[in-house]
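Participant:
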Amino acid sequence: MTQLQFMLTDYTVKFGSEQISLLRKEYYLLQYLYEHANQAFSREQLLNAVWPLEAPSERTVDDHIYRLRKKLKRWDGELTIETIKGFGYQLVCEKPHHKALPVMKDQEFRQLLESVLKKYHLYGQGDSIAAFISEKNIGFEIPAAYEVILAYMKGDFWWFIRENKYPMTDKLFFLIHIFQTLSKDYTRSIMYIQHGIKRDVFPKHHRYEAETIGLLLAYTANREFEKATQYVGDFINQRTPEITKPDHGFYPFLQNIRLLIAIGRERFGEFAEICAQMEKFYLEKPYQRELGIFTIIKGACQVRNHEAEQGIAEIERGFDIVKRTHFKSHLFPALDMAMLLLAPDFSNTIVYEKLKERREQLEQEYHPAELLSQVRTVLDQYLA
124 MTQLQFMLTD YTVKFGSEQI SLLRKEYYLL QYLYEHANQA FSREQLLNAV WPLEAPSERT
184 VDDHIYRLRK KLKRWDGELT IETIKGFGYQ LVCEKPHHKA LPVMKDQEFR QLLESVLKKY
244 HLYGQGDSIA AFISEKNIGF EIPAAYEVIL AYMKGDFWWF IRENKYPMTD KLFFLIHIFQ
304 TLSKDYTRSI MYIQHGIKRD VFPKHHRYEA ETIGLLLAYT ANREFEKATQ YVGDFINQRT
364 PEITKPDHGF YPFLQNIRLL IAIGRERFGE FAEICAQMEK FYLEKPYQRE LGIFTIIKGA
424 CQVRNHEAEQ GIAEIERGFD IVKRTHFKSH LFPALDMAML LLAPDFSNTI VYEKLKERRE
484 QLEQEYHPAE LLSQVRTVLD QYLA
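Under our numbering, read the sequence shown as residues 124 to 507, first letter to last.
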């Protein structure tokens with residue numbers, strides 16, 4: 124995608140060797156549209172995103188779009204703000220056409236580049252991934268499996284419905300995540316995962332994730348803490364013990380789930396022990412997505428323990444870490460894990476309601492009712 128650089132200090136935006144100066148709200152509007160490129164938004168959604176604490180009219184959006192179009196005219200062909208008749212606007216970014224370099228015929232070199240991509244993914248460096256795959260001088264063609272991952276990473280949930288290049292089986296596990304995120308119907312999500320495993324419709328790497336942290340997270344989110352504990356003992360420790368080792372990519376996410384289970388079962392000593400282990404782990408391996416969620420979980424527990432001021436600060440710090448990864452899809456589980464610990468029957472209802480409001484605002488970007496209906500239709504066709 125066209126690579127823009129946003130410089131908050133003076134509200135300028137740079138593309139290649141050229142830059143343009145914007146007014147403050149023009150800057151935030153363009154940044155928001157760019158972060159959700161090729162996704163349509165209503166005027167009301169743009170007002171909520173860019174003017175959240177103000178009450179301007181929809182005409183304000185139109186005026187800012189008009190000025191942005193004039194300033195972006197020099198980059199026609201690379202990015203365009205399109206009007207969606209009767210609805211709103213979307214920023215269309217052209218995908219650059221890279222000429223494959225001769226060195227890309229070298230299999231060892233391609234494998235080396237793929238290993239770099241995997242490391243960026245492991246450490247939650249979404250901005251580095253975007254810069255890496257768009258670098259024209261490398262000429263790297265992103266592997267098919269990663270194009271699907273990147274669509275999910277960016278929170279481009281509609282892509283999984285509208286894209287026809289890849290077989291649906293490559294997208295099913297992500298569609299279950301999307302369904303679970305928008306519906307919070309964890310019982311049905313568990314059913315979809317179990318049917319997918321039983322019918323062997325997932326690709327091998329998705330099946331492995333579904334059988335391990337996929338099912339475990341769904342049990343935990345559904346407050347089936349005893350069942351989740353049993354699943355760790357009977358399946359994970361027995362059949363996939365490798366993910367319980369610190370050198371496995373699933374290890375930090377598994378530990379985050381174990382923290383939720385420990386609190387759900389009121390095993391506070393176990394919670395403290397896992398926290399101490401993970402503090403040391405993140406000093407050596409700062410996996411940003413998991414570190415952000417870990418920080419949020421700790422903050423939520425502080426709020427539960429009537430340390431509201433420290434807990435809220437820790438929750439916000441965790442969200443900042445997750446946001447900086449540019450893995451937008453992970454903002455949802457981060458919010459849901461915090462809300463799981465702060466449900467009204469447990470603790471501070473004010474903090475809970477603020478998190479709930481933040482989640483609803485995030486969710487509204489996706490036209491959730493329409494998207495959820497289409498996602499469920501696909502999942503029912505393949506997995507019900």
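Glycine included, every Cβ here is placed at the ideal spot set by N, Cα and C.
Distance check for TYR155 and GLU205, CA to CA, integer angstroms please.
Facilitator: C-alpha separation (whole angstroms): 15 Å.
Participant: Threshold first: 4 residues or longer. Then list the alpha helix (DSSP H) segments lying entirely within the segment 321-399, N to C.
Facilitator: DSSP runs (the alpha helix (DSSP H)) wholly in the segment 321-399: 327-332, 338-344, 348-354, 374-387.
Participant: Spell out a yes or no on whether the segment 436-451 and the segment 413-423 are touching, meaning 3 or more CB-CB pairs, one atom from each, closer than 8 Å.
Facilitator: Judged by Cβ distances under 8 Å, the segment 436-451 makes contact with the segment 413-423, as three or more pairs qualify.
Participant: What does the alpha-carbon distance come out to for the pair SER180 and LYS451?
Facilitator: Each residue's Cα considered, the two are about 28 Å apart.
Participant: Relative to the alpha-carbon of SER140, which residue among LEU127, GLN504, ASN287 has its alpha-carbon at the smallest distance?
Facilitator: Checked all of LEU127, GLN504, ASN287; the closest Cα to SER140 is LEU127.
Participant: Beta-carbon within less than 7 Å of HIS329's beta-carbon, same chain only, minus the 5 sequence neighbours each way: which residues are those?
Facilitator: Contacts found: PHE296.
Participant: Given 8 Å as the limit, is there contact between the segment 348-355 and the segment 302-322, that is, 3 or more CB pairs closer than that?
Facilitator: Judged by Cβ distances under 8 Å, the segment 348-355 makes no contact with the segment 302-322, as fewer than three pairs qualify.
Participant: Helix, strand or coil for GLU488? Go by DSSP, reduced to three states.
Facilitator: GLU488: helix per DSSP, three-state reduction.
Participant: Report the residue from THR304, LYS148, ARG197, LEU465 whose alpha carbon sits nearest the alpha carbon of GLU177.
Facilitator: With distances taken between Cα atoms, GLU177 lies closest to LYS148.
Participant: Is the segment 185-195 touching the segment 228-246, taking contact as three or more C-beta pairs under 8 Å?
Facilitator: Because the criterion of three Cβ pairs below 8 Å is not met, the segment 185-195 and the segment 228-246 do not touch.
Participant: Hey, would you say ALA341 sits closer than 8 Å to GLN400, going by beta carbons?
Facilitator: In this structure, GLN400 does not lie closer than 8 Å to ALA341 by Cβ.
Participant: Thinking C-beta only, is ALA160 closer than 8 Å to LEU214?
Facilitator: Result yes, Cβ atoms of LEU214 and ALA160 sit closer than 8 Å.
Participant: Going straight from the alpha carbon of GLY211 to that of GLN162, what length do you get?
Facilitator: When rounded, the distance between both Cα atoms is 10 Å.
Participant: Between ARG233, GLN230, VAL324, LEU240, which has its C-alpha nearest ASP293's C-alpha?
Facilitator: Of the candidates ARG233, GLN230, VAL324, LEU240, the one whose C-alpha sits nearest the C-alpha of ASP293 is VAL324.
Participant: Report yes if the CB atom of PHE373 is closer than 8 Å to the CB atom of THR343, and no otherwise.
Facilitator: No, the Cβ-Cβ distance between PHE373 and THR343 is not below 8 Å.
Participant: Between ARG427 and GLY387, is the Cβ-Cβ spacing less than 8 Å?
Facilitator: Cβ distance not < 8 Å, so ARG427 and GLY387 don't count as in contact.
Participant: Do MET460 and LEU377 count as a contact pair if the criterion is CB distance below 8 Å?
Facilitator: Result no, Cβ atoms of LEU377 and MET460 do not sit closer than 8 Å.
Participant: Rank ILE272, TYR331, GLN425, TYR157 by C-alpha distance to the C-alpha of GLU201 and give the top, closest one.
Facilitator: Checking every option, the nearest Cα to that of GLU201 belongs to TYR157.
Participant: Can you give the Cα-Cα distance for ILE397 and LYS477, rounded to whole angstroms?
Facilitator: In a straight line, the C-alpha of ILE397 is about 28 Å away from that of LYS477.
Participant: If you reduce the DSSP assignment to three classes, tell me which class GLY209 lands in.
Facilitator: Residue state, collapsed to three classes: coil.
Participant: Between ILE284 and GLN497, is the Cβ-Cβ spacing less than 8 Å?
Facilitator: It is a contact, given that the beta carbons lie within the stated cut-off.
Participant: Distance check for THR203 and ILE143, CA to CA, integer angstroms please.
Facilitator: If you take the alpha carbons of ILE143 and THR203, they lie about 15 Å apart.
Participant: In the DSSP output, which residue or residues are listed as bridge partners for LYS137?
Facilitator: The partner list for LYS137 (beta bridge, DSSP) reads GLN128, GLN142.
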